Structure formats: structure tokens, C-alpha cells
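Q: Position 80, counted from 1, in the sequence shown is what the UniProt record's numbering calls 80; the numbers after and before it change by one each time, with no gaps.
Ideal placement from N, C-alpha and C gives every residue a C-beta, glycine not left out.
What you are looking at is a predicted structure, and each value in this text was computed from that prediction instead of being measured.
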Amino acid sequence: MMDGGGGSAPNTKKWVVLYPVYINSKKTLAEGRRIRTEKACENPTCVEIGDCCHHLKVPYVIEIDKAYPRDFMQVGRVRVLLKKEDGTFFNPAISSRKQLMLHVAELVPRHAGRTKKQEPASSSNAGPSKSGKGGKKKR
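See below:
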């Protein structure tokens, strides 16, 4: 995490808030998604978003105890600082909240923890789905 300790906590109030819902391809616009489904990623977590912010070299703080206002069951958010004190951007490629969401959504599927998890899951899902289809055809 790239937070400056207890002293910088009050300063994070002005930082951009990024809820995982904003870039979740499984959610609808009404449920809170903010970018196109094609650009969004599947079920991102705060830790993955934080790691992506670290990769993009922008300061961030994960607030795991905060809930999404529209759905309080979705806990966690990430605060990100886009601009330095002199007004220049930490990452010139990211000059808005929307660009941040698009960049993070692009990076999350390539996240190290995610790629390891998906390989066994996709192969185990392929077996039962085939037998499931066969079972349905026979009935």
C-alpha cells in the first residue's frame, strides 16, 4: 500500500474513490458499473485494484472497511491520488477518473493472483460442463 502513514489520512478525503463495482463486467449500469462491459473486468477486488494502481505508479489507499452506498454488502474501496500538489499527474496517461477505471480494468485480468486461480478453475469447469450437457441431452 502506498499511504504515507497516519499523517496523510486526512488528505485522502480529496482523493478519487474507486469502488470495484465501477469496473465489474457482471454489474449493470443501474447497479453501479461506470464503464462499458467490453472494457470492464469480472469481479475485481480492492487488492487487485490496489496492485494495478501500484503498477500504474499512482498513490492509493485501500479502505477495506468502507461499503458501496448502493449495495452495503459490497465492502471495500480504493482511494487514488491522480495529481501531485503542483497540479501535474502522477501518471501522464491517467488524467481522469474514467481513464483510471479503464486502465485498471485492463490490468486486473492479468493480475498475478488471478491468472494462477483461473487456470485450474477453467479446466475443472470444462469437464463437468461437458458431462452436464450430455446428461441434459439424454433426458
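1) At the level of alpha carbons, what is the spacing between Leu18 and Leu56?
2) Which residues in the same chain as Ala105 place their Cβ atom closer than 7 Å to its Cβ, once the five residues preceding and following it in sequence are excluded?
3) Does the distance from the CB of Arg77 to the CB of Cys53 come in under 8 Å?
4) Going by beta carbon distance, what residues of the same chain come within less than 7 Å of Asn43, once the five residues before and after it are set aside?
5) Between the alpha carbons of Met101 and Ile94, how many angstroms are there, rounded?
6) Rounded to the nearest angstrom, what separates Leu81 and Ile49 at their Cα positions?
7) Apply the 10 Å Cβ neighbour rule to Arg70 and answer buried if 16 or more other Cβ atoms are within range, or exposed otherwise.
8) How big is the Cα-Cα spacing for Pro20 and Glu31?
9) Using three-state DSSP, classify Gly18 as helix, strand or coil.
10) Tell me the rounded alpha-carbon separation between Gly113 and Gly87.
11) Output the distance between the C-alpha atoms of Trp15 and Val75, rounded to the nearest integer angstrom.
12) If we call anything under 8 Å between Cβ atoms a contact, is Val58 one with Thr12?
13) Does DSSP put Ile64 in a helix, in a strand, or in coil?
A: Let's see:
1) If you number the sequence shown from 1, residue 18 lands on position 18. If you number the sequence shown from 1, residue 56 lands on position 56. Near 15 Å, if we compare the C-alpha coordinates of Leu56 and Leu18.
2) Within the sequence shown, residue 105 is the residue found at index 105, counting from 1. Counting only Cβ-Cβ distances below 7 Å, and skipping sequence neighbours, we find Ile23, Ile35, Lys39, Ala40 and Cys41.
3) For this step, residue 77 is matched to residue 77 along the sequence shown. For this step, residue 53 is matched to residue 53 along the sequence shown. Cβ distance not < 8 Å, so Arg77 and Cys53 don't count as in contact.
4) Start at 1 with the first residue of the sequence shown, and residue 43 comes out as number 43. Listed in chain order, the non-local C-beta contacts of Asn43 below 7 Å within the same chain comprise Asn24 and Lys26, local neighbours out to five positions each way being set aside.
5) Residue mapping note: residue 101 aligns to position 101 of the sequence shown, counting from 1. Residue mapping note: residue 94 aligns to position 94 of the sequence shown, counting from 1. In this structure, the alpha-carbon of Met101 lies about 9 Å from that of Ile94.
6) By one-based count along the sequence shown, residue 81 stands at place 81. By one-based count along the sequence shown, residue 49 stands at place 49. Each residue's Cα considered, the two are about 13 Å apart.
7) Working through the sequence shown from its first residue, we reach residue 70 at position 70. With fewer than 16 Cβ atoms within 10 Å of its Cβ, Arg70 is classed as exposed.
8) Sequence index remark: in the sequence shown, residue 20 carries index 20 (1-based). Sequence index remark: in the sequence shown, residue 31 carries index 31 (1-based). Taking the straight line from one Cα to the other gives about 12 Å.
9) Locating residue 18 in the sequence shown gives position 18, counting from the first residue. Contrary to the premise, residue 18 reads as Leu rather than Gly in this sequence. DSSP, reduced to helix, strand and coil, places Leu18 within a strand of the structure shown.
10) For the purposes of this step, residue 113 is taken as the residue at position 113 of the sequence shown. For the purposes of this step, residue 87 is taken as the residue at position 87 of the sequence shown. The alpha-carbon atoms of Gly113 and Gly87 are separated by roughly 34 Å.
11) As a working mapping, residue 15 is identified with position 15 in the sequence shown. As a working mapping, residue 75 is identified with position 75 in the sequence shown. When rounded, the distance between both Cα atoms is 18 Å.
12) One-based indexing of the sequence shown puts residue 58 at position 58. One-based indexing of the sequence shown puts residue 12 at position 12. No.
13) Numbered from 1 along the sequence shown, position 64 holds the residue referred to as residue 64. It is a strand residue.
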